[in-house]
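> Note that the working numbering has the sequence shown beginning at 111, numbered continuously upward.
Just so it is clear, CB atoms sit at the ideal spot from N, CA and C, and this is done for glycine as well.
This one's a predicted model, so the numbers in the text were calculated from it and none came from an experiment.
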Amino acid sequence: MGRKKKYDETEALEKAMYLFWRNGYRAVSTRNLADEMGINQYSLYASFQSKEVLFANALEQYLQAIVCDWFIKPLVDQADGLTAIRQFFETFVEPGDGTVPTGCLICNTIAETEKPSSDVQSVIDRYQSTLTDAFARALRRAKPDASEQEIDSKADLLLCLMLGIAVKKRNGFEGAPVQKVVDQIMEFVSTASP
111 MGRKKKYDET EALEKAMYLF WRNGYRAVST RNLADEMGIN QYSLYASFQS
161 KEVLFANALE QYLQAIVCDW FIKPLVDQAD GLTAIRQFFE TFVEPGDGTV
211 PTGCLICNTI AETEKPSSDV QSVIDRYQST LTDAFARALR RAKPDASEQE
261 IDSKADLLLC LMLGIAVKKR NGFEGAPVQK VVDQIMEFVS TASP
């Protein structure tokens, strides 16, 4: 019979998620992770097998707890598609209050990782498809007469714009310049063709 864990795995995973979010994958050692999670390295490997597997689990936690709850749900639930898209981008670009790291963990991972593991790539792929699908749903509500090609094209471009903003935001992109970008995005979304 195995030894009972003396820590909450969900809480430890959340701590790892925030550490990766603040510092990036490469800058975090297994010692840093064990210290942040409040466990020893043996427990880290026993529960998560490797830093890479722990990272994939942290990305999954981020996708579910942060992306889906904070960004996707309002984008999908808002009845007016244009309002939903504007609110998404305004929420996405607003300066943080210091309680969460700057930027987007998955966007940072895309920029940092040249060839991610299949587990990490799977989370990245689901992140991109989830966002693209949510943008497409909002666009369909905003422009019910638009063709599927137009909807798909604009949804893909909105994802690319969001990824670019996330990278720039990591380096202090905020205030009037970012609001101007949001206004330009909304002007683009409101036009009749891609």
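#1: ASN167: which of VAL203, ASN281, GLN151 and PHE130 sits nearest, CA to CA?
#2: Measuring only the C-alpha atoms, how far is LEU164 from GLU119?
#3: Between which two residues does the alpha helix (DSSP H) harbouring TRP180 extend?
#4: I need the boundaries of the alpha helix (DSSP H) containing LEU154, first residue and last residue.
#5: Consider the Cβ of LEU173: report whether some Cβ of chain B lies at a distance smaller than 9 Å.
#6: Do you know offhand how far GLU204's Cα is from SER227's?
#7: Report yes if the CB atom of ALA244 is closer than 9 Å to the CB atom of VAL292, and no otherwise.
#8: Taking the CB atoms as reference points, tell me whether ILE149 and ALA122 lie closer together than 9 Å.
#9: Does THR140 come out as helix, strand or coil in the three-state DSSP assignment?
So, from the listed chains and residues:
#1: The residue labelled residue 167 in the question sits at position 57 within the sequence shown. From the listed residues VAL203, ASN281, GLN151 and PHE130, the smallest Cα separation to ASN167 is found for PHE130.
#2: Here residue 164 corresponds to residue number 54 of the sequence shown, with the count starting at 1. Here residue 119 corresponds to residue number 9 of the sequence shown, with the count starting at 1. Between the alpha carbons of LEU164 and GLU119 lies a gap of roughly 11 Å.
#3: For the purposes of this step, residue 180 is taken as residue 70 along the sequence shown, with counting starting at 1. No alpha helix (DSSP H) contains TRP180, which DSSP labels as neither H nor E.
#4: Numbered from 1 along the sequence shown, position 44 holds the residue referred to as residue 154. Looking at the DSSP string, the run of the alpha helix (DSSP H) that includes LEU154 is 151-158.
#5: In the displayed structure, chain B is absent; only one protein chain is listed.
#6: Counting from 1 along the sequence shown, the entry for residue 204 is found at position 94. Counting from 1 along the sequence shown, the entry for residue 227 is found at position 117. Going by C-alpha positions, GLU204 is about 31 Å away from SER227.
#7: Translated into positions along the sequence shown, residue 244 becomes position 134. Translated into positions along the sequence shown, residue 292 becomes position 182. Contact flag unset, no.
#8: The residue given as residue 149 occupies position 39 in the sequence shown. The residue given as residue 122 occupies position 12 in the sequence shown. Going by beta carbons, ILE149 and ALA122 fall inside the 9 Å limit.
#9: On the sequence shown, position 30 is the one that residue 140 refers to. Helix, per DSSP.
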